[in-house]
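For what it's worth, my numbering labels the leading residue of the sequence shown as 14, then goes sequentially. Report on one structure; see the data block that follows.
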Amino acid sequence: MGRLALCVLIATMVIVSQAAPGNFNDLFTSNNDHVKVDGSGQVRLVLDHQSAAGFASKNKYLFGRVSMQIKLVPGDSAGTVAAYYMSSDDYRTRDEIDLEFLGNTSGNPYILQTNVYANGVGNREQRVYLWFDPTADFHSYSILWNQKQIVFFVDSTPIRVFKNNQDMGLPFPTKQSMGVYSSLWNADDWATRGGLVKTDWSHAPFIASYKNFDLDACQASSGSCGPNSGKWWDSSAWQALSPSDAGKLKWVKKNYMIYNYCTDSARFPSRPAECARD
14 MGRLALCVLI ATMVIVSQAA PGNFNDLFTS NNDHVKVDGS GQVRLVLDHQ
64 SAAGFASKNK YLFGRVSMQI KLVPGDSAGT VAAYYMSSDD YRTRDEIDLE
114 FLGNTSGNPY ILQTNVYANG VGNREQRVYL WFDPTADFHS YSILWNQKQI
164 VFFVDSTPIR VFKNNQDMGL PFPTKQSMGV YSSLWNADDW ATRGGLVKTD
214 WSHAPFIASY KNFDLDACQA SSGSCGPNSG KWWDSSAWQA LSPSDAGKLK
264 WVKKNYMIYN YCTDSARFPS RPAECARD
């Protein structure tokens, strides 16, 4: 899906913030002139014929929560993808946690695709429609990652849980530190209706806006990111969803999920083992 090229380009439980949002320039770097930072700390990624746009965190992290508020490309965004993800350095054996916002033609809803790679193995996509217009205002998108689970949140609503199933012999991201990345790029070979709808460049520039960056996670360079770190995300309260959050997740699955790799028998004639616990 063009991730390697992008890496080169950019060189309830209600989630309660444990730290104040940080300054973009303190947390991230970008050498691309299509990344615009204003005096208030708001960031715009600009996609046009000349270039995609992206930024990368200055530090690598091992467990914690990353969050940012995003307002997606308005109007006809077909063919574009705004990606927000964590990834380790080794592409071949990478661990990666993805949120990808798949653009669409005007009037049609955005699709949010999530995916998890562990030790280079991915193909665990789920897709949901969002229950609001993500281009009208900013909304928070968060990843909680600890030893037991990865949880994707939209505002305070969990939309997916990916559990640690190492007891079944399945890989889970526990050892490789990850950077935090975001990018806006042209993916019209697959992003909208499987590539049937192409990017209409007459609508360029395409702009996604970001603010309130919160990387409340363990810096890998600290050497204290193990299971006994004493960090809040390792407490028992965060090892599984609360009953309230489990109810919210069930609501999302019932009303807004449009694709789940676990039920795609064409791709997976033998149901993936972890899906028995989904």
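Quick reminder that beta carbons are idealized off the backbone N, C-alpha and C, glycines included.
C-alpha distance - residue i paired with residue j, whole-angstrom precision
i, j, result
"Met270", "Gly208", "20 Å"
"Val59", "Ala250", "39 Å"
"Ile110", "Gly52", "30 Å"
"Gly120", "Leu112", "22 Å"
"Gly99", "Asn178", "The sequence given here places Met at residue 99; Gly does not occur at that position. For Met99 and Asn178, the distance between alpha carbons rounds to 20 Å."
"Pro282", "Cys275", "10 Å"
"Thr187", "Lys73", "13 Å"
"Ala204", "Asn38", "30 Å"
"Asp202", "Asn241", "44 Å"
"Asp291", "Asp102", "28 Å"
"Phe151", "Leu75", "27 Å"
"Phe166", "Asp146", "16 Å"
"Met191", "Val141", "25 Å"
"Ala65", "Ile124", "20 Å"
"Glu287", "Arg137", "10 Å"
"Asn225", "Ala217", "26 Å"
"Asn273", "Pro122", "18 Å"
"Ala279", "Gly133", "22 Å"
"Phe41", "Ser155", "17 Å"
"Pro34", "Lys267", "33 Å"
"Thr170", "Gln189", "27 Å"
Outcome for residue i when other beta-carbon atoms lying within 10 angstroms are tallied against a minimum of 16
i, result
"His47", "buried"
"Asp229", "buried"
"Ser235", "exposed"
"Asn117", "buried"
"Lys244", "buried"
"Gly200", "The sequence given here has Ala at residue 200, not Gly. Burial call: buried."
"Met81", "buried"
"Gln63", "exposed"
"Ala69", "buried"
"Asp227", "buried"
"Asp258", "buried"
"Val164", "buried"
"Ser43", "buried"
For residue i, three-class secondary structure by DSSP
i, result
"Phe37", "helix"
"Thr276", "helix"
"His152", "strand"
"Ser222", "strand"
"Val86", "coil"
"Asp168", "coil"
"Trp203", "coil"
"Ser195", "strand"
"Arg107", "coil"
"Trp144", "coil"
"Gly208", "helix"
"Cys288", "helix"
CB-CB length for residue i against residue j, believed under 8 Å
i, j, result
"Ala95", "Leu183", "About 29 Å separates the two Cβ atoms, so there is no contact after all."
"Thr128", "Asp247", "Reading off the sequence, residue 128 comes out as Asn, not Thr. That pair is no contact at about 24 Å."
"Gln126", "Ala253", "With 8 Å as the limit, Gln126 and Ala253 do not qualify as a contact, their Cβ atoms being about 24 Å apart."
"Lys84", "Ser222", "4 Å"
"Arg107", "Tyr130", "6 Å"
"Leu157", "Arg78", "5 Å"
"Gly54", "Ser195", "Gly54 to Ser195, Cβ: 15 Å. No contact."
"Val86", "Thr148", "7 Å"
(message) For the region 254-269 against the region 168-188, do three or more pairs of beta-carbon atoms, one drawn from each stretch, fall closer than 8 Å, so that the two count as touching?
(response) yes
(request) Please confirm if the region 209-218 is in contact with the region 77-95, defined as three or more CB-CB distances below 8 Å between the two stretches. (result) yes
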